[in-house]
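Everything below concerns the one structure shown next.
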Amino acid sequence: MGQQGVERFSKLYFWLKKYVDFCYKRFYKVRYINKSKELNTLAGIFVSNHQNASMDPLAILTSFTWQPVFLARADIFNKKPIARILRFLKILPVYRIRDGFDQLSNNQEIFDQTFQVFENGSSIVLFPEGTHSGKKQVQNLKKGVARIAFSYRHNNSKKNEIKIIPIGLNYESYHDPGSQLIINFGEPLSISAYDSAYAENPAKAVNSAVYELKNQLQNLSLHIKNDDIYPVADFIAHLYFEKAKVQNQKPGEILSIQKKLITNVETLFDNSPEEFEKISNHADRFMKHLGKFNIKQQYLEILFIKNRTLHILWQSLLLMTSLPLYIYAFINNIIPVLLIRKVTRMITDTQFKSSVLFVGSILVAPVIHLIQAAAVAILLSSLKWGLVYLLSLPLSYWFKLKWERLFKRWKNSIKLMRRFKNIREDFLLLKEFISF
1209 MGQQGVERFS
1219 KLYFWLKKYV
1229 DFCYKRFYKV
1239 RYINKSKELN
1249 TLAGIFVSNH
1259 QNASMDPLAI
1269 LTSFTWQPVF
1279 LARADIFNKK
1289 PIARILRFLK
1299 ILPVYRIRDG
1309 FDQLSNNQEI
1319 FDQTFQVFEN
1329 GSSIVLFPEG
1339 THSGKKQVQN
1349 LKKGVARIAF
1359 SYRHNNSKKN
1369 EIKIIPIGLN
1379 YESYHDPGSQ
1389 LIINFGEPLS
1399 ISAYDSAYAE
1409 NPAKAVNSAV
1419 YELKNQLQNL
1429 SLHIKNDDIY
1439 PVADFIAHLY
1449 FEKAKVQNQK
1459 PGEILSIQKK
1469 LITNVETLFD
1479 NSPEEFEKIS
1489 NHADRFMKHL
1499 GKFNIKQQYL
1509 EILFIKNRTL
1519 HILWQSLLLM
1529 TSLPLYIYAF
1539 INNIIPVLLI
1549 RKVTRMITDT
1559 QFKSSVLFVG
1569 SILVAPVIHL
1579 IQAAAVAILL
1589 SSLKWGLVYL
1599 LSLPLSYWFK
1609 LKWERLFKRW
1619 KNSIKLMRRF
1629 KNIREDFLLL
1639 KEFISF
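Going by the numbering used here, the sequence shown opens with residue 1209, and the numbers climb by one from there.
Below you can see the structure in the form of structure tokens.
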């Protein structure tokens, strides 16, 4: 299949990854829980919940200086040019029944290549849910991850050691540049712990490992298992996040309390229907007011700031003094912005929105910047000014994203203060509910 050598170190990949790492950690404000240096050199299987399309694998890729191999569904490899690019990016196909029964036998070759990755001291990354959901909810896991682990463990008489490392991805906002992403690393699951169970009943051992892995992913991420309470629990967990941002809490504390709040809502739903209905009505009314006044949920931190007027005045001053720079950034980045926006509107799966914006920002925008800089150098007959202009373009592009996020926070803060009387009762009750 022409995919040998994917486990080898690549210098070109190394430098490309440096660039992607730098950009990704400016697109999101990434914060880690239980990240250790040992994981960087551990040859194992890293698995994660899957909510945000291509931004999920990038979140894991940019966590370390490594070069892991990813497994992805086989249908994206159908076109040869795309397949070559994917192989350069260290992505291997995994075949499913929907790809055809005759294709399933190709998985053995893929398994053999993952074994070579482990032997080379590298890791693989996969998303056992098999699809991204766009919800704070861990779906049922496919058994492929456990089968790879057990196959490698029992591949020969020496019994290879292999561990599965679970990861929880927790986004403040999927699509908003500058929002927070909390990456939570769990305790490695050692496959050797299932040796006796595997010797007795391999299928049962696989099921047990998958069950344990699913539990760990649920513990490492925000998991709202009941669809009946999802909107309320999701909103309350996010409202606490807005409070935590103002208090500058550590990511572990934020995630822990958010999970407690979700559990509290679930408990009310199961044991105190009247109390749940009260909380639900207030949350629902609050959300309806936000929708009516076009106020975004990711900009509610002003509600938890003591001196709101002073804060808004400070934001106003920052926006006004930096407005000339924004105008420069807006004008000189209008072409890549419009192109990216056009492509984004063509995407039917909204979870790819942030992926298109990010990829466009790091690939499309630089190409257009080069063309613009070349045009300036020719028009001014000056290579020096062409280079100066070229250097200003990526800086202005990322400044534009930051300025627009600040502007959105400022605009939504003003809307909230103007409409506070409409949400005051609901907010105060929910504020009390999320108090810890």
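Virtual Cβ for every residue (Gly too), placed ideally from N, Cα, C.
- In this structure, R1627 sits away from I1510, with a CB-CB distance that is not shorter than 9 Å.
- Bridge pairing for A1282: absent [DSSP].
- Residue nearest to F1278 within the set L1571, V1238, G1338, K1219 is G1338 (criterion: CA-CA distance).
- The criterion of a C-beta distance shorter than 9 Å is not satisfied by I1373 and L1266.
- Contact annotation: Y1240 and P1459 have beta-carbon atoms nearer than 9 Å.
- When beta bridges are read from the DSSP output, G1376 appears opposite N1392.
- The beta carbons of L1421 and A1354 sit closer together than 9 Å.
- Cβ-Cβ separation between I1503 and N1620: approximately 5 Å, consistent with a contact (criterion under 8 Å).
- Nearest Cα to I1555 within the set Q1580, E1369, A1261: A1261.
- Per the DSSP secondary-structure output, R1239 pairs in a beta bridge with I1390.
- In the displayed model, I1299 falls within a strand according to three-state DSSP.
- When the five nearest sequence neighbours on each side are left out, the beta carbons in the same chain lying within less than 6 Å of the beta carbon of A1573 are those of P1544, Y1605, in order along the chain.
- In the DSSP assignment, F1319 falls within the alpha helix (DSSP H) that extends over 1314-1327.
- Under the three-state reduction of DSSP, I1539 is assigned to helix.
- Counting along the chain, no beta strand (DSSP E) covers V1346, and no H or E run does either.
- At the C-beta level, F1449 and Q1523 stay beyond 9 Å of one another.
- Between G1394 and I1370 a beta carbon distance of about 16 Å is seen, past the 8 Å cut, so the two are scored as non-contacting.
- At least 9 Å separates the beta-carbon of Y1221 from that of K1288.
- The shortest C-alpha to C-alpha distance from K1343 to any of P1481, Y1232, G1213, I1437 is the one to I1437.
- Out of F1323, C1231, S1341, the CA that lies nearest to the CA of I1356 is found in F1323.
- The Cβ atoms of F1335 and Y1360 do not sit closer than 9 Å to each other.
- Assigned with DSSP and collapsed to three states, K1639 falls in helix.
- Between the region 1595-1611 and the region 1466-1486 there are fewer than three C-beta pairs closer than 8 Å, too few to call the two in contact.
- M1528 counts as exposed, since fewer than 16 other beta carbons sit within 10 angstroms of its beta carbon.
- Under the three-state reduction of DSSP output, F1607 falls in the helix class.
- Across the set V1238, M1263, R1632, N1314, the C-alpha of R1632 shows the shortest separation from the C-alpha of A1491.
- Bounds of the alpha helix (DSSP H) holding L1447 are 1438-1455.
- Approximately 5 Å separates the beta-carbon atoms of L1300 and I1318; this is inside 8 Å, confirming the contact.
- G1386 counts as buried, since at least 16 other C-beta atoms from the protein chains shown sit within 10 angstroms of its C-beta.
- Under the three-state reduction of DSSP output, K1245 falls in the coil class, being neither helix nor strand.
- For L1511, the secondary structure class from DSSP, reduced to helix, strand or coil, is helix.
- Assigned with DSSP and collapsed to three states, K1366 falls in coil, not helix or strand.
- By the CB criterion at 9 Å, H1446 and H1340 fall outside the cutoff.
- Distance from the CA atom of N1541 to the CA atom of K1629, rounded to whole angstroms, is 40 Å.
- Contact annotation: K1367 and V1414 have beta-carbon atoms that are not nearer than 9 Å.
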